[in-house]
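Line by line, the protein sequences are chains G and W.
Just so it is clear: in the first sequence, position 384 is 384 by full-length UniProt numbering, and no numbers are missing.
Just so it is clear: in the second sequence, position 292 is 292 by full-length UniProt numbering, and no numbers are missing.
For each residue, glycine too, the CB sits at the ideal point set by N, CA and C.
Given the structure is predicted, the values throughout are model-derived calculations rather than measurements.
This report refers to the structure that appears directly beneath it.
Protein chains: 2
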Amino acid sequence: MPVVAVIGDGQLARMMQTEAIELGQSIRLLAGAPDSSAAQVAADVVLGDYTDLDDLRTAVAGASVMTFDHEHVPTEHLHQLISEGVNVQPGPDALVNAQDKLVMREKLRSIGAPVPPFAAIGSVADARAFSDSVDGAVCLKARRGGYDGHGVWFPEPAELESLVQELLDAGTPLMAEKKVALVRELSAMVARRPSGQVQPWPVVESVQTDGICTEAVAPAPDLSPELGQQARDLAVTIAQELGVTGVLAVELFEYRDENGEPAIAVNELAMRPHNTGHWTQNGCVTSQFEQHLRAVLDWPLGSVEQTAPVTVMANVLGGQTDPEKPMAERMLDVHARFPQAKIHMYGKTYRAGRKIGHVNMSGEDLGRVRREANLAADYLVNARWADGYTA
Amino acid sequence: MPVVAVIGDGQLARMMQTEAIELGQSIRLLAGAPDSSAAQVAADVVLGDYTDLDDLRTAVAGASVMTFDHEHVPTEHLHQLISEGVNVQPGPDALVNAQDKLVMREKLRSIGAPVPPFAAIGSVADARAFSDSVDGAVCLKARRGGYDGHGVWFPEPAELESLVQELLDAGTPLMAEKKVALVRELSAMVARRPSGQVQPWPVVESVQTDGICTEAVAPAPDLSPELGQQARDLAVTIAQELGVTGVLAVELFEYRDENGEPAIAVNELAMRPHNTGHWTQNGCVTSQFEQHLRAVLDWPLGSVEQTAPVTVMANVLGGQTDPEKPMAERMLDVHARFPQAKIHMYGKTYRAGRKIGHVNMSGEDLGRVRREANLAADYLVNARWADGYTA
C-alpha cells in the first residue's frame, strides 16, 4: 500500500488519517508536536519543522506522495524536493496561488476567472490611487499568511493611509481589492488528479462570522442551476489552468451585477481539504478527505453523490470562556438530544475563536437541519441550549 | 476526553480507531504486534499478550473503559480487573455467553429464546443419544474458540462416534445441536449501554460460504415485517437478559416451522462489532464501530436510520493464490469502474481464506447493488472481472 506523507498536524491531517485507515493505508505525518491534533491519532509520525528541508526529507522518505495540511511550506523547499525525485501534490507552481493572494489574482485574471478589481499595494500612493478607483470600497489583504480573518482589513477611507503605512513599515506585503457588496458566500470544491480527472462537489453556501467560517449548507439553498453550474465550471477551470492536484476549494462571493443579476467572483483559493467541505464526511458518498488522498495518489475519484437532501456543517469555535462541564459531557448531551448529530472533534484544547470541532447534520428539512446543527455546535461551545431546551 | 482501551489488534479494533478519531478520542490498544491491523493506525499502542494479567493492567491504566476486539480474554482476568476497579464492557458474566457455546445455549433456553435442540457432549454415548433424538441431523461444535467455520462439524452418522472420540481425546470440550434445515441466515444487531438504552439496527441477511460470512445485505430482502420485528425484539431481549453492553450480534437461522411458516432460532452470539454490521459504515447514520464506543462509554446511542435504500457488504477473502497485480492497483481498478464503491482494507497480508477487507455499496436496486458489490470484492481477490468486463 502506498504511504501518503502529510505535511502538517492539524485537523485536516487528522481527518485524512480517518479515511486513510479505511483505504488500508496510514498516513505519515510531519508534525510539530506529538500531542497535535493529527499526531495524537497516527502511528507513523515524524516530529519536525515544515520550514526545515531536512525534516521534510525525513518525512517523505519512502512515501509515494507528499501533500499538505496547510499552505505554508516554503516554495523553494518544494522545488528542491522535486529535483530530488519527490512526488509533491499539489506542486509548488499551483500552490503559490494559494500562498500569495496577489499572484493568485493575477493568475486568475490571466485565465479570465472573475475576480474583484485589485492592485498591488507597495506604497501609500498605491493605496490612495486604488481607493479612488473603487470609491473607497477597499479591502486590504496581507499577500501571505492570512487565515480565518487574520490578515484582512476593511479600513475607513480616513484610516487607510495610516494603516497601509503601518503595515508596510512592519514588512507586510500588501494588496487591495474592491470590497464586494456581497449577497452571500459560496464555496465550489473540486478534486483533480495529476493525470487529469476532475470531480466537482455540489456548491455550498458558506456562512462567515468575523471572517471565520461558522456554517456550510449543502447544497447552497436557492442557488439557480445556472449559477451553480457556472461555479462548478469555474472551479474545474481553475483546477485545470493552475494545475491543482488534490482538493481545491474556491471560495466565492455571490453578488448582484450591474443589471441586478446574481453573479460570482473568486474570493480565495485553498489547495487542500477545506472547512466548507467537512459536510462531505456525512453527506456525500466520498468525503473530501478520502478524495484528497485518492487524488494526490492519482487514483480514480469517488462518487460525490449526496446521501441526504440537505447536510449542514456547523463549526465548534471556542468561546470566550470554557464552561466547567467537560467537553465529553457536552457531547453526551448533544447525542442525547440529537441522535442523528455527527460530532467531529479535533483533539484540540479549548481557546477563544479556535476551531476545535464541527457538527454535521443531515435531513430533508433545510430549516430544521440548519437550526439543529447550529444548536448542537453552540451547545458544545457554551454548555447550554440557545433555545432554552431542558432535557 | 475518555480513553477506550481495546483488547485486540484486528480489523475491528482498527475500524473502532477510525470512529474514535472523529469523536475526538484515540483508542488505546493492547496489540500482539506493532504491524497488526489496528496497531498500524493507532498512536497509543501497548504491546502485550491478552492472556497476561499484567499486560491487561498496563493497557487499561488510566482508561475510562476496557472493551474487546475478540472474545478470548480469560474470564478470571476480567473478574480480577473488575475487583481492581476497571470498567470492563461487556462484563465477564455477559461475555461468557459469547465464549462458551454451551453456556450460551443454556442461558438462551432459560430466557425462552429460540435455539435448536442441543446437548452437552462429554462422551460417545452422549453423542449417540443426541443423534438418535434428532434423527442423525447433528451439528457438532467445539464449545470454545471456534470462528469462521473452524470448530464446527457436520458429521455423517457413520463417522459421528469416531469424530467425537477423536475430539474428546484431543481435549476439545464439545456440544451438539440439531442441524437446522435453514432457509437462510439473518443477523440482528443491537447496541446497549450499561445504563440500559438499547438500539437495534435493521435486520440483515448474512450469506455464508464454507462457514465464513461473505456477504451481508441490508435490509434483509423479503423479510416479513413481523419476523423482522421478532428478530429485533429477540436481540434486544438477549442484550438485556444477558447484560450485554456495547454491540451484540445475534446470528440467526431462518427456517420453516412445522406449519411451514418462517421462524427464527439463534445460531451464535458475538459481543463486539461484527462482520454482518460492516455495512453500517456507509449505509447507516451511525456505524457499529461508533455505536460500540458510545455504548461502552455509556454515551447516548446514535440514530440507526439507513442512508440508502439498500447497502450490501461483500467480504474480500484471500484466494488460493495472490495475483501479481498489487492490491493498490486492484483498488484503483475497482474505483475506476465503480466510483460509488466504498473499499475498506485492513492492512493485512494476503492469505487464503483470510478476511483482508470488505466493500460496501449502496443504492436503490437490490440486484444491481448486490452484483456490483460482489464483483468489486471478487476483483480485489482475483484481479480479474468475473463478468468479463474490460476497462
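Partner residues on chain G for residue i, Cβ-Cβ distance less than 8 Å
i: W/Met175; result: What W/Met175 touches in chain G: nothing, since even the nearest Cβ is about 38 Å away.
i: W/Arg294; result: His335
i: W/Leu30; result: Ordered by position in chain G, no residue passes the 8 Å Cβ test against W/Leu30, which lies about 15 Å from the chain.
Under 8 Å by beta carbon: chain W residues contacting residue i
i: G/Thr18; result: Thr18, Ile21 and Glu22
i: G/Gly318; result: Within 8 Å Cβ-Cβ: nothing; G/Gly318 doesn't reach chain W, min ~14 Å.
Neighbourhood of residue i by C-beta distance below 8 Å, restricted to the same chain and skipping five residues each side
i: W/Ala265; result: Pro114, Val115, Pro116, Val180, Leu252, Phe253 and Tyr255
i: G/Asp49; result: Gly32 and Asp55
i: W/Ala20; result: Val4, Ser26, Ile27 and Leu293
i: W/Pro221; result: Glu205 and Leu366
i: W/Glu290; result: Glu19, Glu22, Leu23 and Gly302
i: G/Ala43; result: Ser26
i: W/Thr237; result: Ile111 and Ala113
Contact set between residue i and chain W, taken where Cβ atoms lie within less than 9 Å
i: G/Gly347; result: Met1, Ile21, Gly24, Gln25 and Ser26
i: G/Gly302; result: His335, Pro339, Gln340, Ala341 and Lys342
i: G/Thr307; result: Asn282, Thr307, Ala308 and Ser362
Supposed contact pair residue j and residue i - C-beta distance, whole angstroms, cut 8 Å
i: G/Leu293; j: G/Leu23; result: 6 Å
i: G/Val369; j: G/Val316; result: That belief does not hold up - the Cβ atoms of G/Val369 and G/Val316 are roughly 17 Å apart, past 8 Å.
i: W/Ala127; j: W/Ala176; result: 6 Å
i: G/Met66; j: G/Val86; result: 6 Å
i: W/Leu223; j: W/Val203; result: 6 Å
i: W/Leu182; j: W/Ser206; result: No, W/Leu182 and W/Ser206 are not in contact; Cβ-Cβ is about 11 Å, not under 8 Å.
i: G/Asp69; j: G/Gly10; result: 5 Å
i: G/Arg193; j: G/Asp298; result: 5 Å
i: W/Leu227; j: W/Pro262; result: 5 Å
i: G/Pro300; j: W/Ala336; result: 4 Å
i: W/Ala308; j: G/Thr307; result: 7 Å
Own chain residues within Cβ distance below 7 Å of residue i, not counting five before or after
i: W/Asn97; result: Val103, Met104, Lys107, Leu242 and Leu269
i: G/Gly151; result: Lys141, Ala142 and Gly145
i: W/Tyr379; result: Arg330, Asp333, Val334 and Trp385
i: W/Val296; result: Val4, Val65, Thr67, Gln89, Thr245 and Gly246
i: G/Met271; result: Glu71, Pro90, Ala94, Leu95, Ala98, Val244, Gly246 and Leu248
i: W/Ala383; result: Pro323, Lys325 and Arg330
i: W/Leu375; result: Trp385, Ala386 and Asp387
Where residue i falls: helix, strand or coil (DSSP)
i: W/Leu375; result: helix
i: W/Thr51; result: coil
i: residue 398 of chain W; result: No statement about residue 398 of chain W is possible, as the shown extent of chain W runs from 1 to 391 and does not include it.
i: W/Ser131; result: helix
i: W/Asn382; result: helix
i: G/Val3; result: coil
i: W/Gln199; result: strand
i: G/Trp216; result: The sequence as given places Ala at residue 216 of chain G; Trp does not occur at that position. The answer is strand: DSSP assigns G/Ala216 an E or B state.
i: G/Ala328; result: helix
i: G/Pro117; result: coil
i: W/Ala94; result: helix
i: G/Leu234; result: helix
Within chain G, the residues that residue i reaches when beta carbons sit closer than 7 Å
i: W/Ala328; result: Met1 and Pro2
i: W/Trp385; result: Residues of chain G passing the Cβ test: none, with the nearest at roughly 15 Å.
i: W/Leu375; result: Correct list: empty, because the minimum Cβ distance to chain G is about 16 Å.
i: W/Leu47; result: None at all; the shortest Cβ gap to chain G is about 12 Å.
i: W/Ala42; result: Ala43
Neighbourhood of residue i by C-beta distance below 6 Å, restricted to the same chain and skipping five residues each side
i: W/Val124; result: Glu161, Val164 and Gln165
i: W/Ile7; result: Leu30, Tyr50, Phe68 and Val73
i: residue 453 of chain W; result: For chain W, the structure presents residues 1 to 391; residue 453 of chain W sits outside this window and is missing.
i: G/Phe130; result: Ala119 and Ala176
i: W/Leu275; result: In the sequence as presented, Leu is not what sits at residue 275 of chain W; that position holds Asn. Here the set comprises Cys213.
i: G/Asp233; result: none
i: G/Arg371; result: none
Heavy atom of the ligand GTP within 7 Å of residue i beta-carbon
i: W/Lys342; result: The ligand GTP is not among the ligands present in this structure, which contains no ligands whatsoever.
Neighbour list for residue i in chain W, Cβ cutoff strictly below 7 Å
i: G/Gly211; result: Those within 7 Å of G/Gly211 in chain W number zero; the least Cβ separation is about 25 Å.
i: G/Val285; result: Gln340
i: G/Arg14; result: Ile21
i: G/Leu332; result: Trp299 and Pro300
Contacts of residue i in chain G (Cβ-Cβ under 9 Å)
i: W/Ala39; result: Ala43
i: W/Gly357; result: Gly24
Checklist entry - Within the chosen definition, does the segment 333-349 of chain W reach the segment 15-30 of chain G through at least 3 CB pairs nearer than 8 Å? => result Look at the beta carbons and you see the segment 333-349 of chain W touching the segment 15-30 of chain G: at least three pairs across the two are nearer than 8 Å.
Next on the checklist: I'd like to know if the segment 351-359 of chain G and the segment 306-314 of chain W are in contact, where contact means that at least 3 CB-CB pairs between them fall below 8 Å.
Outcome noted: Of all C-beta pairs linking the segment 351-359 of chain G to the segment 306-314 of chain W, fewer than three are shorter than 8 Å, placing the two stretches out of contact.
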